[in-house]
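What follows is one structure encoded as C-alpha cells, with my remarks underneath.
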Amino acid sequence: MDNGPGKRVIVVGAGIVGASLAYHLAAKGANVTVVEAEGIASGVTGSSFAWLNATHGDPDPIASLRGAALQEYHRLEAQLPGLKIQWSGALSYGASSEGSANRIPQSKISELEPNLRNPPQFASYAAEEGALDAVATTHALIAGAQANGAKVLTQTPVLGFKTQDSSVFGVETAAGVIEADIVVLAAGTGITKLTDLLEVSLPIDASPAIFIRYSSPPNLVRTLISSPEMEVRQTPEGALLAAEDYLDDDLENQPAAIALRTANAIKNELHGVVSLDLQSARVGFRPMPADGIPIIGYLAQVGGVYVCAMHPGVTLAAIVGRLASEEIVGDSASPALNPCRPDRFFKLSDG
Ligand SMILES: Cc1cc2nc3c(=O)[nH]c(=O)nc-3n(C[C@H](O)[C@H](O)[C@H](O)COP(=O)(O)OP(=O)(O)OC[C@H]3O[C@@H](n4cnc5c(N)ncnc54)[C@H](O)[C@@H]3O)c2cc1C
C-alpha cells in the first residue's frame, strides 16, 4: 500500500461531497478514480436548495466544521474559476430565529427585501451566508479533480468489494475490478447498501424534502428568506427556488401540489408576483445519519474503507473535502472530525 501522495483512492459517488473529496485528494497528489453509478450530480445534490447555512443553535457537536464552512468556500471560489457563490446573506424569521444574536429591526428588513408585504418586527440576518448552484459546483470540483489527474467513470455502479484479510483492496463494477489502497464511500443514501455488503450496518436514513423551481420576474428576492411561510431564493438567472418539507405520499401532498400551495404563499408574501410558472418540483432524499451528525472516517470493522455521509452536505462539502483528504493522504487524524467517527454507533455498552 502506498502511504503518501500517489496513494490510489477510489471515490464512490459524484455528488457534491464525492466531488469535493476527489478535488482535494487529487490536489494533494493522490491517484484518484471517481466511480459514479449515474451522472455527475445526479443524486440529491441535483435537488438541493444549496443554502450555505452555517447557523445552528447550541449544543452543536460540529460547531467547528460549520464555523469554517464558509471560509472554505471562499478558498474554493478563488481556486476554481467555474465556482460561483451568491453571497447574498440569509434572512430568517419565525420560531427558529428567536433569540438569535444577529437580530435586525423591521426597517432594515424592508431595506434588504423591499418586496416583502409583511416584514416581521425582527429577523435574524446572517450577512456572511449565501447559496450556490450545487450542480455547477459539483461539475467545477470534478473538473478541478480531472485537471489534477483524477479519472472519472460515470454510469458505473459499484456492485461489490474485493477484500483480503479483512481489508478492502478494490471495488467490483460491471466493467471489472478497480484496485485501490483506500475506497471512500461518498454515495449519499447509497452508502448503506454498500456497507451492508461489508456486513457493517450504518444508520443513515433517506430523508425526503421537496425542491421547487419557478420562473419569475427579476429582482424579486435579494437575500435568502427562511420564514414559516416560505424558504426562497432567486438565482442570478432569475429563477425562484424554494424548499419545502415532505409531508406524505397523499395525492394532495405530491410535489406539484405542494409547489402550487407554495406559489400562493409566495404571492401572499411578496409584492410584484403576478404569476409564477412552475419549472420543476421533485423530492430529493438526503443522507441523514440517525443522530443528525455527519459520519466521516474509517470503518473499524474492515480495512481501507473511509465513509463520508452528511447533512447539510452542500454546506459542509468544502471543509470536509479538505479535512478528510488530509486524513486520507496524510494519515493524520483531524480533531474537528472526531464527533463524526463511524465507531460511535458500534461502541460496546459498559457491563
Ligand atoms: C429539497 C432539499 C433542500 C436541501 N437544502 C440544502 C441546503 O440548503 N443546504 C445544504 O447544505 N444541504 C441541503 N440539502 C442536502 C444536500 O443536498 C445533501 O446533503 C447533499 O447534496 C449530499 O450530497 P452527497 O454527495 O452526499 O450525495 P448525492 O448527491 O446523493 O451523491 C451520491 C452519489 O453517489 C452515487 N451512488 C450511489 N450508490 C452508488 C454506487 N453503488 N456506485 C456508484 N455510485 C453510487 C449516486 O448516483 C449519487 O450521484 C437539501 C436537500 C434537499 C432534497
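Last residue of the sequence shown: 995 in the working numbering, with the numbers rising by one and none dropped. Think of the CB as a built atom: it goes at the ideal place given N, C-alpha and C, for glycine as much as any other residue.
Tell me which same chain residues have a C-beta within less than 8 Å of the C-beta of residue i, skipping the five on either side of it?
i: residue 707; result: 700
i: residue 962; result: 664, 713, 716, 717, 719 and 720
i: residue 696; result: 713, 714, 717, 729, 773, 774, 775, 776, 958 and 959
Assuming residue i and residue j are in contact, meaning their beta carbons sit under 8 Å apart, how far apart are those beta carbons, in whole angstroms?
i: residue 940; j: residue 846; result: No, residue 940 and residue 846 are not in contact; Cβ-Cβ is about 12 Å, not under 8 Å.
i: residue 814; j: residue 824; result: 6 Å
i: residue 922; j: residue 986; result: About 40 Å separates the two Cβ atoms, so there is no contact after all.
i: residue 655; j: residue 666; result: 5 Å
i: residue 859; j: residue 947; result: At roughly 51 Å, the Cβ-Cβ gap does not stay under 8 Å, so residue 859 and residue 947 are not in contact.
i: residue 754; j: residue 760; result: 7 Å
i: residue 693; j: residue 929; result: That pair is no contact at about 14 Å.
i: residue 868; j: residue 877; result: 4 Å
Taking 7 Å as the cut-off, is the CB of residue i close to at least one heavy atom of ligand 1?
i: residue 661; result: yes
i: residue 955; result: yes
i: residue 772; result: no
i: residue 670; result: no
i: residue 866; result: no
i: residue 776; result: no
i: residue 930; result: yes
i: residue 805; result: no
i: residue 801; result: yes
i: residue 831; result: yes
i: residue 731; result: no
i: residue 936; result: no
i: residue 816; result: no
Kindly list the residues whose CB is nearer than 6 Å to the CB of residue i, restricted to its own chain and excluding five residues on each side of it in sequence; keep chain order.
i: residue 681; result: 801
i: residue 870; result: 736
i: residue 798; result: 680 and 683
Taking all protein chains shown into account, decide if residue i is buried (16 or more other Cβ within 10 angstroms of its Cβ) or exposed.
i: residue 990; result: exposed
i: residue 723; result: exposed
i: residue 821; result: exposed
i: residue 918; result: exposed
i: residue 843; result: exposed
Spell out whether any CB of chain B is found under 8 Å from the CB atom of residue i.
i: residue 808; result: The structure shown contains no chain B, having only a single protein chain.
Can you name, in chain order, every residue of its own chain whose Cβ lies under 7 Å from the Cβ of residue i, other than the five neighbours on each side?
i: residue 890; result: 852, 853, 854 and 927
Minimum length 3: unbroken beta strand (DSSP E) runs contained in the stretch 676–705
none
Start-end ranges of the alpha helix (DSSP H) lying completely within the stretch 734–800, minimum 4 residues
750–756 and 778–791
Extract the residue ranges of the alpha helix (DSSP H) inside the stretch 875–914, only unbroken runs of 4 or more that lie entirely within it.
899–913
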